[in-house]
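For reference, the structure discussed in these notes is given below.
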Amino acid sequence: MSTKFAARAGAASLAAALAAPAFAGPTYTNDTGGSFRWYGQFNPAYQSFDDGQEDFNRLVDNEASNSRIGLELEQAYGENTLRFRFETAFGFRGSDGVSQLSTGDNLSWDRTNIRHVDFQFDTARYGRFSAGQGSMATDGITGADFSGTGLGASNSVADSAGGYAFRTGAGALSTVDIGDAFTDLDGSRLGRVRYDSPELAGFTLSTSWGTDVLKDANDRESYDVAVRWANDDAAGFAIDTGIGASWTEETGKEDTRDVSGSFAVLHKATGLSLNLAAGERDIAGTYAYAKLGYKADLIAAGSTAFSVDYYDGSDMVTAGDSAESWGVAAVQKIDAYNVETYLAYRDYSYADTSATSYQDANVILAGARWKF
């Protein structure tokens, strides 16, 4: 892996971020408690992947938080509020959408890039009711994290290089992709109806039913339930945790049940944090993940965050296989420009019960996210 390339990539991303204007979409309001705003972000990154034999250096869109644009409308009705949200990714080439054999399209938008077409009705007494394309109840259930390094490191370890295949010990490309061997078993976004209860002592209960309305000839149906609890002032600590279960049925595929969750704690005085995540699919696949983080105001520009993490999974591709990954990441905020620059390194290893051996792989990701 070329350290010179990583240094150049980080410098280029930082220069591009600093050249961007400090700009944010305006918010318009009316006299009856209504508002409209638009927003978005760009998140380009340089990806340098080493499969143990060859290096691949590419400009990609960071799949951990892809480039997107959206709008929100809100209207108050007494003590209740109606909201509408539309959001779509731009369709840039994702960090998990390239491989040794394909560079992917620089820009390829279709309707599967739509993230939200979502109506929400918030009631003061009975909770929130949602309908449309949007997050299922378990979406984000494994993502509790106070580290501030999510752009470079999270339990979704395949985001950085999921399309690449492991290379065998003999030097040939295998049929095992990083994205197959490393999954987070998190919830998804679907065309759904969802209910979120009012918060009670920090607890929120959510449930939803959905189907994949953005793909043709698809009869996938999912339903799920999740419980979350958060406390921002627990004797000098902040805590965020949740657990959920999701059931999926689709013609021609085996029914699945996923149980997953996460726990995160931040010591406010020191900026030290710990987050844990785990998941299990009933037909095959389990994993556990841990991250240690540190965040502090080291320079005037904005907060600086560092983390180290470890992922351990098994039975994701075939029975008896194992997948391990560790990574380090750093994120620097530049508040005046709504920019976060980042540099991350991740190592992947895989083994199964066959006679085939697999070479370790690693990736460096350097980029900047600009929010507007």
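Residue numbers -24 to -1, 1 to 348, in mature numbering (1 follows the signal peptide of the UniProt record, and there is no 0), belong to the letters of the sequence shown in order.
Even glycine gets a Cβ: it sits at the ideal position worked out from N, Cα and C.
Please read these numbers as outputs of a predicted model, since none were measured by experiment.
Integer-rounded CB distance, given that residue j should sit under 8 Å from residue i
i: residue 378; j: residue 284; result: Residue numbering for the chain in the displayed model covers -24 to 348; residue 378 lies beyond these limits and cannot be assessed.
i: residue 168; j: residue 186; result: 3 Å
i: residue 276; j: residue 303; result: Actually they do not touch by this definition, with Cβ atoms about 28 Å apart.
i: residue 237; j: residue 45; result: Rounded, the Cβ-Cβ distance is 31 Å, inconsistent with contact.
i: residue 232; j: residue 224; result: 5 Å
i: residue 307; j: residue 119; result: With a Cβ gap of about 16 Å, residue 307 and residue 119 do not count as contacting.
i: residue 313; j: residue 343; result: Their Cβ separation, rounded to whole angstroms, is 15 Å, which puts residue 313 and residue 343 out of contact at 8 Å.
i: residue 103; j: residue 95; result: About 15 Å separates the two Cβ atoms, so there is no contact after all.
i: residue 280; j: residue 272; result: 6 Å
i: residue 349; j: residue 16; result: The shown model of the chain, from -24 to 348, leaves out residue 349, and the question about it has no answer.
i: residue 211; j: residue 182; result: At roughly 27 Å, the Cβ-Cβ gap does not stay under 8 Å, so residue 211 and residue 182 are not in contact.
i: residue 91; j: residue 47; result: Actually they are not in contact, since the Cβ atoms of residue 91 and residue 47 sit about 12 Å apart, beyond 8 Å.
Nonlocal neighbours in the same chain, by C-beta distance under 6 Å from residue i, ignoring five residues either side
i: residue 85; result: 67
i: residue 265; result: 131, 253, 287
i: residue 121; result: 240, 251
i: residue 39; result: 70, 71, 72, 135
i: residue 153; result: 141
i: residue 58; result: 51, 97
i: residue 333; result: 145
i: residue 256; result: 235, 262
i: residue 247; result: 270, 271, 272
i: residue 305; result: 125, 128, 129, 283, 320
i: residue 60; result: 49, 95
Environment of residue i [buried if 16+ CB atoms lie within 10 Å]
i: residue 77; result: exposed
i: residue 259; result: exposed
i: residue 140; result: buried
i: residue 282; result: buried
i: residue 20; result: buried
i: residue 191; result: exposed
i: residue 176; result: exposed
i: residue 209; result: exposed
i: residue 229; result: exposed
i: residue 31; result: exposed
i: residue 147; result: exposed
i: residue 9; result: exposed
i: residue -2; result: Bear in mind that the predicted position of residue -2 carries a pLDDT of just 47, short of 50, making it too unreliable to give a figure here.
i: residue 42; result: buried
i: residue 245; result: exposed
i: residue 114; result: buried
i: residue 87; result: exposed
i: residue 160; result: buried
i: residue 110; result: buried
i: residue 7; result: exposed
7 Å CB neighbourhood of residue i in its chain, flanking five on each side removed
i: residue 69; result: 36, 37, 80, 81, 82
i: residue 100; result: 55, 56
i: residue 75; result: 139, 140, 141
i: residue 34; result: 23, 74, 79
i: residue 11; result: 3, 4, 5, 50
i: residue 242; result: 122, 213, 214, 249
For residue i, the residue or residues it bridges with in DSSP
i: residue 314; result: Answer by DSSP bridge pairing: none, since residue 314 is not bridged.
i: residue 274; result: For residue 274, which the question treats as bridged, DSSP gives no partner whatsoever.
i: residue 322; result: 303, 339
i: residue 117; result: Residue 117 pairs with nothing; no bridge assigned.
i: residue 191; result: None; residue 191 has no bridge partner.
i: residue 32; result: 25
i: residue 349; result: As shown, the chain starts at -24 and ends at 348. That puts residue 349 outside it, with no answer to give.
i: residue 133; result: Per DSSP, none; premise fails for residue 133.
i: residue 93; result: 62, 109
i: residue 203; result: 181, 219
i: residue 260; result: DSSP, once it has assigned bridges, lists no residue as partnering residue 260.
i: residue 347; result: 17
i: residue 76; result: DSSP, once it has assigned bridges, lists no residue as partnering residue 76.
i: residue 293; result: None; residue 293 has no bridge partner.
i: residue 282; result: 270, 306
i: residue 251; result: 240, 267
i: residue 83; result: 68
i: residue 213; result: 210, 243
i: residue 100; result: Beta-bridge pairing links residue 100 to no other residue.
i: residue 298; result: 290, 327
Cβ neighbours of residue i in the same chain (closer than 8 Å, five flanking residues each side left out)
i: residue 112; result: 163, 164, 165, 166, 168, 170, 184, 186, 198, 200, 222
i: residue 188; result: 166, 167, 194, 196
i: residue 336; result: 28, 323, 324, 325
i: residue 89; result: 64, 65, 66, 67
i: residue 311; result: 277, 278
i: residue 338; result: -24, 25, 26, 321, 322, 323, 324
i: residue 178; result: 205, 206, 207
Original post:
Quick one: complete beta strand (DSSP E) runs, 3+ long, within the segment 38 to 64?
Top reply: Complete beta strand (DSSP E) runs here, min 3: 44 to 53.
Original post:
If you scan the segment 145 to 184 from start to end, which runs of the alpha helix (DSSP H) of 4 or more residues do you find wholly inside it?
Top reply: Every alpha helix (DSSP H) stretch that sits fully inside the segment 145 to 184 and reaches 4 residues is listed by chain position as 154 to 157.
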